[in-house]
Amino acid sequence: MIATNRERPRVLLYEGAGAEPIDAALRRSIVPKLLDRGYTVTRITQNANLGNLGHTELIILGHFTRPADFQSDQGDLKIHTRDVRDDSLETLTEYIDAVAAGVSEARPHWKPWFPVIDYDRCTNCMQCLSFCLFDVYGVNQANQITVQNQTNCKTDCPACSRVCPEVAILFPKYKAGPINGDEVNQDDVRREAMKVDISALLGGDIYSMLKDRSEKAKSRFSKERDDDRALKERQRCLDKLKSNLDGLEIPAEVLSSLPSFDQIQSKAQAAKQRAEQALADASLKPTTP
Amino acid sequence: MSDHRPILYCRCAYAKVLPEEVKDRVLERLIDSNLPFESVSDLCEMSARKDPGLVALSQQDGLRIVACYPRAVKWLFSAAGAAIQTESSQSESSQSESSQSESSQSDAKQPGYIEVLNMRTDTADMVCAKLGIGTIETAEGAES
Ligand code: SF4
Ligand code: SF4
Chain C
10 MIATNRERPR VLLYEGAGAE PIDAALRRSI VPKLLDRGYT VTRITQNANL
60 GNLGHTELII LGHFTRPADF QSDQGDLKIH TRDVRDDSLE TLTEYIDAVA
110 AGVSEARPHW KPWFPVIDYD RCTNCMQCLS FCLFDVYGVN QANQITVQNQ
160 TNCKTDCPAC SRVCPEVAIL FPKYKAGPIN GDEVNQDDVR REAMKVDISA
210 LLGGDIYSML KDRSEKAKSR FSKERDDDRA LKERQRCLDK LKSNLDGLEI
260 PAEVLSSLPS FDQIQSKAQA AKQRAEQALA DASLKPTTP
Chain L
12 MSDHRPILYC RCAYAKVLPE EVKDRVLERL IDSNLPFESV SDLCEMSARK
62 DPGLVALSQQ DGLRIVACYP RAVKWLFSAA GAAIQTESSQ SESSQSESSQ
112 SESSQSDAKQ PGYIEVLNMR TDTADMVCAK LGIGTIETAE GAES
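Residue numbers (our numbering), protein chains in the order written: chain C, 10 to 298; chain L, 12 to 155.
Structural data, given as structure tokens:
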């Protein structure tokens, strides 16, 4: 789903020995354009060593004053050289895109939205693992909580950050602190401690709440629970959940794309078991950073 | 006196979390300066795919990263297997500007520490000043 460095060329603006500075207007327009299209852009102004970032294709752009002959000591790096003195923004972009197209097909756009754990704060309590229904979290070999499936995360949904009792989950692209990575202050920590036990509400009780309500409905209306009723119950619970989320915005698409009642129950159960297992294992072996 | 520490600029291309005028102006000034630099589309995306480039970048001595919150940058690198120690030289709520520039200078001397400049909280002028590329000038005057 996400392009790798083996699939996307790196672009080098070469302004070292044997070249003049590239036209200022062209430089100013091409760099942001390439970055916005997913390229890595490096500028070298002296005979510096180009660090290896794992790319297999390198496009060197320059206004060369002598024949450009670049060698690479990076085994599989293929070099494309282009004298840009006659290029416009359009011709240069076309050239670079053509080289890139020869390397791989364009990938669908993905907004990189996923949780990032601040291990200076995390206590490995596994509440996030128990909570997430989309298998974003997992445990590593040291039984430490880790984010395993970033692309499973529901875009713009920061809910699990509020489950964490330690304010240890970040979403760098979130609009407000401390979830966006801003420093955690004492007020944030106090708020986490004082608010409704959202982790219980979300991590376990939301499922039992759904279940209880469903059970009550069952006894009241004998065995007539149908899909509609279950759906209504779920909606009511989700509304309650939303009102307890302290202003945190969970996109409607995320709420409506939650799995069915039965799926929620079995996923929650599985996640809980994984968390419990990891905690049990972790108590046998100390976790390593 | 020019500063030769390497610079990594993050474009934050896949979301609108950095103020456009800040990220555009900083990049423009960087391009107009004579400094070498590394620039990437989106550190978040690189972290998500555990880009080995992050490990290589993190090993550059005295690296300065122009992106967003230092805590976010630190743990994005960590998630990609690149352990870094960050020092903020941003204007965090309670710091005064003079104490920031002092701390930024002293941080620069600490080996193994990576300085993170925050385009979410700082103005383009502040970021450029910390990079040693002065305040915003007209693009024409910037080449020399
Ligand atoms: S909920 Fe927070 S403290 Fe607990 S394991 Fe997850 S990130 Fe760590
Ligand atoms: S690291 Fe910060 S500036 Fe860079 S892409 Fe992520 S949120 Fe944006």
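Even for Gly, the Cβ is constructed at its ideal location relative to N, Cα and C.
For clarity, every value in this text was computed on a predicted model and none was experimentally measured.
Here residue 291(C) carries a helix assignment [DSSP, helix/strand/coil].
Scanning its chain for C-beta atoms nearer than 6 Å, with the 5 sequence neighbours on each side dropped, one finds around residue 44(L) the residues 144, in chain order. When secondary structure is reduced to three states using DSSP, residue 54(C) falls in the coil class, being assigned neither helix nor strand.
Taking C-beta atoms under 8 Å as the contact rule, residue 145(C) and residue 124(C) qualify, at a distance of about 7 Å. Considering only beta carbons, the part of the stretch 30 to 48 of chain C lying closer than 8 Å to chain L consists of 30, 33, 36, 37, 40, 41, 44, 45, 46, 47, 48, in chain order. Residue nearest to residue 21(L) within the set 68(L), 78(L), 37(L), 38(L) is 78(L) (criterion: CA-CA distance). Distances from the CB of residue 59(L) to the heavy atoms of ligand 2 are all 7 Å or more.
Residue-level contact by beta carbon holds for residue 192(C) and chain L, with a gap shorter than 8 Å.
Within 7 Å of the CB of residue 123(C), the CB atoms of chain L belong to 59, in sequence order along the chain. Annotation for residue 194(C) indicates a beta carbon at 7 Å or more from all heavy atoms of ligand 1. Classified as exposed, residue 120(C) has fewer than 16 neighbouring CB atoms from the shown chains inside 10 Å of its CB. Between residue 176(C) and residue 193(C), the C-beta gap is smaller than 8 Å, which places the two residues in contact. Rounded to the nearest whole angstrom, the CA to CA distance from residue 91(L) to residue 127(L) is 17 Å. Residue contact with chain L for residue 200(C): absent (no Cβ-Cβ distance below 8 Å to any residue of chain L). Between the stretch 69 to 84 of chain C and the stretch 23 to 39 of chain C, the count of Cβ pairs shorter than 8 Å is three or higher; the stretches touch. Where residue 51(L) is concerned, the enclosing beta strand (DSSP E) starts and stops at 48 to 51. Using beta-carbon distances, residue 147(C) does not count as an interface residue toward chain L, since no partner is under 8 Å. In the DSSP assignment, residue 111(C) falls within the alpha helix (DSSP H) that extends over 98 to 112. In chain order, 69, 77, 79 place their CB closer than 7 Å to the CB of residue 90(C), counting only its own chain and leaving out the 5 sequence neighbours on each side. At least 8 Å separates the CB of residue 96(L) from every CB of chain C.
Sorting 183(C), 60(C), 152(C), 26(C) by C-alpha distance to the C-alpha of residue 165(C) places 183(C) at the top.
Taking a C-beta cut-off of 8 Å against chain L, none of the residues of the stretch 73 to 88 of chain C qualify. Between the stretch 97 to 104 of chain C and the stretch 21 to 40 of chain L there are fewer than three C-beta pairs closer than 8 Å, too few to call the two in contact.
Of the heavy atoms belonging to ligand 2, at least one sits nearer than 7 Å to the Cβ of residue 181(C). Between residue 49(L) and residue 17(L), the C-beta spacing is below 8 Å.
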